[in-house]
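**Q** So the sequence shown is numbered by the working numbering: it starts at 3 and just counts up by one.
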Amino acid sequence: MRSLEREARKLYRMTDKIEDVNWSAQYLSNIDMARSMLPDIYNFTENAIKTVTYDENSLGAVIGLSGGIDSCVCSSVVAETMQNAVESGHIRDTNLGLINFRGRSKEDTNYSRLFIEYIRSKYPRLKIQYIEQDIIPLLNHINEITDYLLNLTHRKKIYPGELATRLMDLLVLEYADKTGHCAIDSTNKTEVVLGEIVIGAGGEAAILSDFYKTQVYDLAEALAIPDPFIQRRPINSTFATDKVSSYFAEIPTDFTPGDVYRVLDLALFLAYDKKYSSEALSHELGHSEKFTQKLWQRIHSQDHRRVIPSFNFHELPSYYNSNILIQ
């Protein structure tokens, strides 16, 4: 576990010094806006599930449930979408599958059990199935195979890999494919921008990928998700480490995880969406250039994860472009 913690710090640490960050420069919370967006989110979710399952008469979805705020928000959105569809009379059947994988974090399972009690009590008429699956033996077996391949090729392991997240998403997708469900991806935009996405993992419909973590907290409030799930410290599913302490060695004593993300997300928004340089970001927000340079480097070193390099003949000279399909 300590080696995983060291790896997480190496990957995600923005700064070791509290004074490098202007903690008052924060993304403003807007719960009213989040609440006003919910009908559009429900509409998107229903249409996305129908598109994936190619079924206009029923809604079936499956989510990997960690008990963290992202998977809880996605589960609540899908449940509310299903209940609205049933009450309106245009959907005859719904099924929501929530799967908790016992792997890196025991805390995930404990919170998932609490959440399933909550969501079943809130939506008693919905068919909500909850499954717990221990994947530790499978993780160990796959690691043995990859270590064997390393030995055969005389290669040294330079990174512990991202097997836990990749395997959990794979199992959700396999379940979805075999049962005609839609696999819901709970990745948020903060994770996308920072490259905290695992190549070869993901779902079939992404509800939160355009919402920074700060906005996910707003959605959780708008959905009236209970405080224990909102206040829980986010856990990295690959390394089972505390995300906040991975980013920052020190934070103000009165800061919640949501407060930390409001600081981080404003900087990410300006750097990624508004294309601020690290120098402009430091000047605008009052952070040290050491911090903004590290943040900027982190964003751009992960470009290949957000969009994998792909050959595109449309970018070739016009001669090739116009003749490529002509015999």
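All C-beta atoms, glycine included, are put in the ideal place defined by N, C-alpha and C.
Answer with buried or exposed for Glu58, where buried requires no fewer than 16 other C-beta atoms within 10 angstroms of its C-beta.
**A** Within the sequence shown, residue 58 is the residue found at index 56, counting from 1. Exposed: under 16 other Cβ atoms inside 10 Å.
**Q** Quick test of your reading: Leu287 and Asn24, contact by CB under 8 angstroms. State the CB separation rounded to the nearest angstrom.
**A** As a first step, residue 287 is located in the sequence shown; it is residue number 285 there, counting from the start. As a first step, residue 24 is located in the sequence shown; it is residue number 22 there, counting from the start. Indeed, because the Cβ distance is near 6 angstroms, the residues count as touching under 8 angstroms.
**Q** Over the uninterrupted alpha helix (DSSP H) stretch that includes Asp18, give me the two end residues.
**A** Residue 18 sits at position 16 when you count from the first residue of the sequence shown. That residue, Asp18, is in no alpha helix (DSSP H); it is neither H nor E in DSSP.
**Q** So, at 7 angstroms on beta carbons, what are the nonlocal neighbours of Arg168 in its own chain, with the 5 sequence-adjacent residues on each side left out?
**A** Numbered from 1 along the sequence shown, position 166 holds the residue referred to as residue 168. Val200, Gly202 and Ala203, listed in sequence order.
**Q** So what's Phe213 in DSSP terms, helix, strand or just coil?
**A** Your numbering for residue 213 matches position 211 in the sequence shown. Coil.
**Q** In the DSSP assignment, find the alpha helix (DSSP H) that holds Arg168 and state where it starts and stops.
**A** By one-based count along the sequence shown, residue 168 stands at place 166. Element bounds for Arg168: Leu165 to Thr181.
**Q** State the CB to CB distance for the pair Ile71 and Tyr219, rounded to an integer number of angstroms; the pair is presumed to be in contact (CB under 8 angstroms).
**A** Counting from 1 along the sequence shown, the entry for residue 71 is found at position 69. Counting from 1 along the sequence shown, the entry for residue 219 is found at position 217. About 7 angstroms; that satisfies the 8 angstroms criterion.
**Q** So, with DSSP's three-state summary, where would you put Leu141?
**A** To locate residue 141, count along the sequence shown from 1; it is residue 139. Of the three classes helix, strand and coil, the one that applies to Leu141 here is helix, per DSSP.
**Q** Give me whichever residues DSSP pairs with Tyr132 in a beta bridge.
**A** Here residue 132 is taken as the residue at index 130 of the sequence shown, counted from 1. In DSSP, Tyr132 forms a bridge with Leu100.
**Q** Under a Cβ-count criterion, where at least 16 other Cβ atoms within 10 Å of its own Cβ denotes burial, should Tyr56 be classed as buried or exposed?
**A** The sequence position of residue 56 within the sequence shown is 54, counting from 1. Exposed.
**Q** Go ahead and pull the three-state DSSP assignment for Thr155.
**A** Numbered from 1 along the sequence shown, position 153 holds the residue referred to as residue 155. The answer is coil: DSSP assigns Thr155 none of H, G, I, E or B.
**Q** Going by beta-carbon coordinates alone, are Ala81 and Ile121 separated by less than 8 angstroms?
**A** Counting from one through the sequence shown, the residue named residue 81 turns up at place 79. Counting from one through the sequence shown, the residue named residue 121 turns up at place 119. Yes, Cβ-Cβ distance for Ala81 and Ile121 is below 8 angstroms.
**Q** Over the uninterrupted beta strand (DSSP E) stretch that includes Asp187, give me the two end residues.
**A** As a working note, residue 187 is residue 185 in the sequence shown. Cys184 to Asp187 is the span of the beta strand (DSSP E), which, as asked, contains Asp187.
**Q** Could you check the C-alpha separation between Glu291 and Tyr161 for me, to the nearest Å?
**A** By one-based count along the sequence shown, residue 291 stands at place 289. By one-based count along the sequence shown, residue 161 stands at place 159. Roughly 28 angstroms separates the two Cα atoms.
**Q** Could you spell out where the beta strand (DSSP E) holding Ser60 opens and where it closes?
**A** For the purposes of this step, residue 60 is identified with residue 58 of the sequence shown, where counting begins at 1. Unbroken beta strand (DSSP E) run through Ser60: Ser60 to Gly66.
**Q** Leaving out five residues on either side along the sequence, give the residues of the same chain with a beta carbon under 8 angstroms from the beta carbon of Val64.
**A** The residue given as residue 64 occupies position 62 in the sequence shown. Cβ neighbours of Val64 beyond the five flanking positions: Leu98, Gly99, Leu100, Ile101, Val174, Tyr177, Ala178, Thr181, His183, Cys184, Ala185 and Ile186.
**Q** Relative to the C-alpha of Lys159, which candidate in Ala269, Ala166, Asn145 and Leu172 has its C-alpha closest?
**A** Taking the first residue of the sequence shown as 1, we reach residue 159 at position 157. For Lys159, the nearest C-alpha among the options comes from Asn145.
**Q** Starting from the C-beta of Ser73, find all residues in its chain whose C-beta is less than 7 angstroms away, skip the five residues before and the five after it, and write them out in chain order.
**A** One-based indexing of the sequence shown puts residue 73 at position 71. Cβ within range, chain order: Ile65, Gly66, Leu67 and Ser188.
**Q** Can we say the segment 264-272 touches the segment 127-144, given the rule of at least three CB pairs closer than 8 angstroms?
**A** No, because fewer than three Cβ pairs between the segment 264-272 and the segment 127-144 fall closer than 8 angstroms, the two stretches do not touch.
**Q** Quick one: grab the DSSP three-state call for Asp22.
**A** In the sequence shown, the residue the question calls residue 22 occupies position 20. DSSP places Asp22 in helix when its eight states are reduced to three.
**Q** Buried or exposed for Pro230, going by 16 or more other Cβ atoms inside 10 Å?
**A** By one-based count along the sequence shown, residue 230 stands at place 228. Exposed, by the Cβ-count rule.
**Q** Quickly, what does DSSP pair Ala207 with across the bridge? List them, please.
**A** Taking the first residue of the sequence shown as position 1, residue 207 is located at position 205. Looking at the DSSP assignment, Ala207 forms a beta bridge with Ile186.
**Q** Which one or two residues does DSSP pair with Asp220 in a beta bridge?
**A** In the sequence shown, counting from the first residue as 1, residue 220 sits at position 218. Answer is none; Asp220 lacks a bridge partner.
**Q** In three-state terms, what does DSSP make of Thr148?
**A** By 1-based counting over the sequence shown, the position of residue 148 is 146. Here Thr148 sits in helix by DSSP.
**Q** Would you tell me roughly how many angstroms separate the C-alpha atoms of Arg37 and Arg234, rounded to the nearest one?
**A** If you number the sequence shown from 1, residue 37 lands on position 35. If you number the sequence shown from 1, residue 234 lands on position 232. The straight-line gap from Cα to Cα measures roughly 21 angstroms.
**Q** In the DSSP assignment, what residue or residues form a beta bridge with Ile253?
**A** The residue given as residue 253 occupies position 251 in the sequence shown. Ile253 is not bridged to any residue.
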